[in-house]
Structures are given as C-alpha cells and as structure tokens.
Amino acid sequence: MEEQNIQPENEATNELNFDNRIPLEDLKNSVEDLKSQLSQIIVGQTEFVELLIVGLLSNGHVLIEGVPGVAKTITAKLFAKCLQTDFSRIQFTPDLMPSDVLGTSVLNMQSSNFEFKPGPVFSNIVLIDEINRAPAKTQAALFEVMEERQVTIDGACHSLQDPFMVLATQNPVEQEGTYALPEAQLDRFLFKIEVDYPKLEEEIEILKGHNGRKGQKPESSITPILSPEKLKELKMQIFDIKIEEKLLHYIAEIVSKTRQHAHLYLGASPRASIAIMNAAKAFAAINGRDFVIPEDIKKSLNPVLGHRIILSPDREMEGMKTKDVIQMISQSVEIPR
Numbered sequence: 531m532e533e534q535n536i537q538p539e540n541e542a543t544n545e546l547n548f549d550n551r552i553p554l555e556d557l558k559n560s561v562e563d564l565k566s567q568l569s570q571i572i573v574g575q576t577e578f579v580e581l582l583i584v585g586l587l588s589n590g591h592v593l594i595e596g597v598p599g600v601a602k603t604i605t606a607k608l609f610a611k612c613l614q615t616d617f618s619r620i621q622f623t624p625d626l627m628p629s630d631v632l633g634t635s636v637l638n639m640q641s642s643n644f645e646f647k648p649g650p651v652f653s654n655i656v657l658i659d660e661i662n663r664a665p666a667k668t669q670a671a672l673f674e675v676m677e678e679r680q681v682t683i684d685g686a687c688h689s690l691q692d693p694f695m696v697l698a699t700q701n702p703v704e705q706e707g708t709y710a711l712p713e714a715q716l717d718r719f720l721f722k723i724e725v726d727y728p729k730l731e732e733e734i735e736i737l738k739g740h741n742g743r744k745g746q747k748p749e750s751s752i753t754p755i756l757s758p759e760k761l762k763e764l765k766m767q768i769f770d771i772k773i774e775e776k777l778l779h780y781i782a783e784i785v786s787k788t789r790q791h792a793h794l795y796l797g798a799s800p801r802a803s804i805a806i807m808n809a810a811k812a813f814a815a816i817n818g819r820d821f822v823i824p825e826d827i828k829k830s831l832n833p834v835l836g837h838r839i840i841l842s843p844d845r846e847m848e849g850m851k852t853k854d855v856i857q858m859i860s861q862s863v864e865i866p867r
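In structure tokens form, the structure reads like this:
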C-alpha cells in the first residue's frame with residue numbers, strides 16, 4: 531500500500547519538473563541551428579560559441595580576447611552572418627576619430643542645413659577589431675551607444691535599431707600601439723571571452739576543413755537563421771524565465787564579496803549582478819528550462835566578473851588570476867537548496 535501511495539506522488543513531481551510554463555522548444559531549436567551552422571567552420575570553440583549566443587539573447591555586448599590567429603574575428607563575422615541583420619566592421623587604429631565611428635553632421639549645400647550622416651556603429655551587429663588600438667577619446671565615444679543604444683551629436687539624439695550588439699576583439703600580448711580599456715568601458719561588456727589555442731586534434735580538423743573548401747570563403751556555407759523579429763521574440767522569453775529570490779540573494783552575496791576580498795583592488799558593480807542574472811536566465815533557456823538553477827549562475831561568473839574585478843598588486847605579482855579569486859568566492863558562498 532505504501533508503494534502505491536508513493537508512486538503517483540513521484541509521477542506528479544516529475545511532471546512539475548519537466549512541464550515548462552514557457553514554450554522553449556523554438557528557442558532551443560534556434561540555438562541548436564546556430565551552433566550547427568557555426569560548427570561547419572569553427573572547430574572546437576563550443577564554449578566561445580555558446581557564450582556569444584547567451585550574450586545575444588541577454589541583450590549584451592561581448593569582448594573577445596585571444597592571440598592573433600585563433601579565429602576571434604572570423605567567428606564573430608560568421609556569427610553575425612547567421613542573423614538576418616545588418617552587419618558592420620570597424621578596424622580600430624590609433625588615428626581613428628569618434629566621428630569615424632559615430633557619424634557627423636554634414637552641410638547640405640542645397641538646403642543650407644546640416645544633416646546627420648550615421649557612422650558604421652549604426653548597424654545591428656557591430657564588429658570592432660582590435661578595440662584597444664584606438665585612443666581613449668575614441669573608446670569613450672562608445673560609452674553612450676553601448677549602454678543607451680543611442681548617439682548624441684550636436685545636441686540631437688539618434689537611436690539605434692534593435693537588435694544592437696557590439697563584438698569587440700583585442701590582443702592580450704601585443705602592447706605597442708595599444709591603449710588599455712578603462713574600467714567604465716569594460717563594465718559595459720556583458721562577457722569577456724578568452725579564446726585559447728586549439729587542441730592538436732582540433733587543429734588537424736581545422737586544416738582538413740580549410741583544405742576541403744578549396745579557396746571558398748567560409749561565409750559562403752553559412753545560412754542566416756534568425757530574423758530581427760524572431761530574435762526579439764526569443765529575447766522576450768528570456769525575460770520571463772523564473773529565478774527564485776534565494777538565487778537573487780546568492781548572486782548579490784557573490785558580487786558583494788568581490789568588494790571586500792583581500793586579494794582584490796576593485797570589486798564588481800551592481801551592473802555585474804544584473805549581468806549574472808540575465809546570463810543565468812539565458813543559460814537556463816538554451817538548456818530547455820524556464821527556471822534558473824545554481825549551475826546557471828556558476829557558468830556565468832567567470833565571463834561576467836573576470837574583466838570587472840582587479841587583483842591587488844601583490845597578488846598580481848604572485849601570478850594569481852582573477853578566475854582563482856572568483857572560484858574562492860564562489861566556494862565560500864553557500865549554494866541555495
């Protein structure tokens with residue numbers, strides 16, 4: 531009799547666990563299609579691709595760091611190609627001016643009025659190559675457009691169309707002719723993704739793929755997956771993902787500890803807490819869940835916090851990394867049950 535009473539209860543629990551309030555099949559299928567398209571060209575960078583997709587669904591910008599030749603730029607280009615949106619690429623150089631990025635007012639000789647000519651930042655997916663090559667004046671021009679999705683020129687505001695996402699690359703090794711990004715700029719990036727060298731087996735697959743294309747451009751095999759309307763619909767589903775209050779406390783406690791940690795010179799801002807929450811929701815959604823679990827939050831910590839916190843000089847000289855401190859903090863905070 532006891533077994534008969536317990537069985538229906540277990541079945542009911544399973545139904546509660548697997549029946550989503552939000553229909554996420556379409557979102558999950560779209561994500562799988564995106565991954566499938568990119569895997570035709572990009573070998574082994576599964577985490578990189580997943581973080582790009584999470585960044586897109588979270589309405590955030592992504593900073594991509596890696597040595598030359600590890601497919602930072604080509605991955606960003608192919609990712610943009612998968613979307614039925616406008617795409618522009620800006621090569622940052624030391625002589626680049628803010629007007630070269632944002633646009634400028636030009637005198638119309640026929641009407642004798644100044645007309646605004648939009649710069650390349652007026653697009654949907656904007657790839658900024660070597661963002662740390664431009665001086666502070668040009669980097670500062672991105673502050674408003676990345677945070678508020680608008681540009682103010684000569685006192686007039688010009689809004690950007692949705693979706694809008696900045697994918698910026700930088701080289702961590704070369705220092706000559708580069709300008710370190712200020713903290714205010716770094717804080718506007720949802721994620722910083724560090725791209726490493728491929729493994730031996732992956733490099734062999736890269737060579738086979740390059741040889742098999744016989745000179746064809748990688749973009750030629752990519753088919754657009756998502757329209758702006760479809761993307762907007764999927765983003766709205768992310769907002770509806772449920773996150774319990776105890777998990778919000780969990781996020782806040784982790785971020786708060788970065789501001790008090792002995793190994794850190796600078797902790798993370800409340801913008802980081804919001805970024806972790808939004809990214810965790812997106813991780814939950816692409817895994818087919820309409821609710822956040824602690825593992826979603828943990829997956830978000832390194833890409834969200836790594837570029838927002840600064841090690842104390844002593845710890846940096848000892849060779850400690852920000853991810854080491856993030857792991858310490860994560861292990862010191864009790865996981866909600």
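Heads up, the sequence shown is in our numbering, so the first residue is 531 and it goes up one at a time.
Beta carbons: idealized from backbone N, C-alpha and C, even for Gly.
Sub-8 Å separation of residue i and residue j beta-carbons
i      : j      : result
Leu697 : Leu657 : yes
Pro758 : Gln614 : yes
Lys738 : Leu593 : no
Cys612 : Ile752 : yes
Glu660 : Gln700 : yes
Met676 : Leu586 : no
Val855 : His791 : yes
Ile683 : Ala610 : no
Pro748 : Ile571 : yes
Phe578 : Thr603 : no
Tyr795 : Ser842 : yes
Asp820 : Asn638 : no
Same chain, Cβ closer than 7 Å to residue i, five either side skipped, listed in chain order
i      : result
Lys853 : Asn832 and Gly836
Lys647 : Gly633, Thr634 and Val636
Gln767 : Ile552, Leu554, Leu557 and Ala815
Asp826 : Ala810, Phe813 and Ala814
Thr708 : Asn662 and Arg663
Glu533 : In this prediction, Glu533 has a pLDDT of 43, which is less than 50 and means its spatial position is unreliable; what the coordinates show is noted afterwards. Nothing meets the Cβ criterion.
Asp717 : Ser799, Arg801 and Arg838
Lys765 : Leu587 and Asn589
Glu864 : none
Glu674 : Gln680, Val681 and Thr682
Asp563 : Ile755
Pro728 : Val573, Gly574 and Ile736
6 Å CB neighbourhood of residue i in its chain, flanking five on each side removed
i      : result
Val561 : Ile583 and Ile816
Tyr780 : Pro866
Val573 : Glu732, Glu735 and Ile736
Arg789 : Gly797
Lys787 : Ile859
Leu761 : Pro693
Cys687 : Gln680
Met531 : Confidence is the limiting factor: at Met531 the pLDDT is only 41, short of 50, which leaves the residue's position unreliable, though a coordinate-based value still follows. Nothing meets the Cβ criterion.
Pro824 : Ile865
Contact belief for residue i with residue j at Cβ below 8 Å, rounded distance in angstroms
i      : j      : result
Val631 : Ala671 : 6 Å
Gly797 : Lys558 : Their Cβ separation, rounded to whole angstroms, is 35 Å, which puts Gly797 and Lys558 out of contact at 8 Å.
Ser588 : Ala809 : 5 Å
His793 : Arg845 : 5 Å
Asp726 : Gly849 : Actually they do not touch by this definition, with Cβ atoms about 18 Å apart.
Ser653 : Phe617 : 6 Å
Gln567 : Ala601 : Going by Cβ atoms, the distance from Gln567 to Ala601 rounds to 15 Å, so no, they are not a contact pair.
Residues sharing a beta bridge with residue i, DSSP
i      : result
Asn643 : Asn638
Leu794 : Leu841
Cys612 : The partner list for Cys612 (beta bridge, DSSP) is empty, contrary to what the question assumes.
Glu749 : Answer is none; Glu749 lacks a bridge partner.
Ile723 : Ile594
Val696 : Val656
Leu761 : Note: Leu761 sits in no beta bridge, so no partner.
Ser496 : Residue numbering for the chain in the displayed model covers 531 to 867; residue 496 lies beyond these limits and cannot be assessed.
Lys829 : DSSP output for Lys829 lists no bridge partner at all.
Pro648 : Gly633
His740 : In DSSP, His740 forms no bridge with anything.
His688 : Val681
Phe821 : Lys772
Leu756 : Leu613
Own chain residues within Cβ distance below 8 Å of residue i, not counting five before or after
i      : result
Thr668 : Phe622, Leu626, Met627, Pro628, Asp630 and Val631
Arg679 : Ser689, Leu690, Asp692 and Phe694
Lys776 : Pro866
Pro800 : Val785
Ala710 : Asn662
Gly590 : Met695, Phe719, Leu720, Phe721, Ala805, Asn808 and Ala809
Pro754 : Lys611, Cys612, Leu613 and Gln614
Gln746 : none
Glu580 : Lys565 and Ile816
Glu774 : Phe821, Val822 and Pro866
Gln537 : Unreliable placement is indicated for Gln537, whose pLDDT of 45 sits below 50; no coordinate value is reported for it.
Q. For the 8 Å Cβ check, are there 3 or more pairs between the stretch 724-742 and the stretch 824-831?
A. no
Q. Counting Cβ pairs closer than 8 Å, one from the stretch 708-722 and one from the stretch 792-810, do we hit at least three?
A. yes
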